[in-house]
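Asker:
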Amino acid sequence: MSTECTANPLAISELLLAGDVILNLSSRDLNVLPGVPYLTVVDGQLTGTLQPSRVNWADSLAATAGKLLAMLESGRIVLVCDSMCTRGPAAQSDLAAADVCSLLVRLSEECDASAFMDVEDAEAVSERLRQLGYL
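According to this note's numbering, the sequence shown holds residues 6 to 140 in order.
Here you go:
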């Protein structure tokens, strides 16, 4: 079974269930508790690690995912990718074809408050509100 959701990189821990393994395809560091298992690539195969890791997905990696989950006694791979990433859905499809349960988490874009309105914009809005009699 495969599902998809969106989350903030700082809130990944809230989505994890006992036994989940993270496959980080994103360009960002994730905020998870120490000891959460990650998948990494060694000699062209997926392997487990307790160190944060990023993976560049290749179709050939799906073949080792099912065997690895059985060895790790895990139930689900949590795929984490950037919001516009195409590798995440491709990896999820590859894992589904290998009968591996997964959750695809697209990281939400962080936005800075200053990205919405700068000082000039704020002054223009204030002036227009004054002209309309609201201020």
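Ideal placement from N, C-alpha and C gives every residue a C-beta, glycine not left out.
#1: D25 to L109, Cα distance in whole Å?
#2: Going straight from the alpha carbon of D64 to that of G71, what length do you get?
#3: To test your reading of the DSSP string, which unbroken alpha helix (DSSP H) runs of 4 or more residues are found completely within the stretch 30-115?
#4: Among the candidates I82, Q50, L55 and T45, whose CA atom is the shortest distance from the CA of L22?
#5: Note the first and the last residue of the continuous alpha helix (DSSP H) segment covering E128.
#6: Taking all protein chains shown into account, decide if R111 is buried (16 or more other Cβ within 10 angstroms of its Cβ) or exposed.
#7: Could you say which of R92, A101, L134 and Q56 lies nearest to T69 if we only look at CA atoms?
#8: Using DSSP's beta-bridge definition, name the partner residues of E19.
Answerer: On the basis of the supplied data:
#1: 12 Å
#2: D64 and G71 have their C-alpha atoms spaced approximately 13 Å apart.
#3: 67-77 and 92-102
#4: I82
#5: V124 to Q136
#6: Result: buried.
#7: A101
#8: Answer by DSSP bridge pairing: none, since E19 is not bridged.
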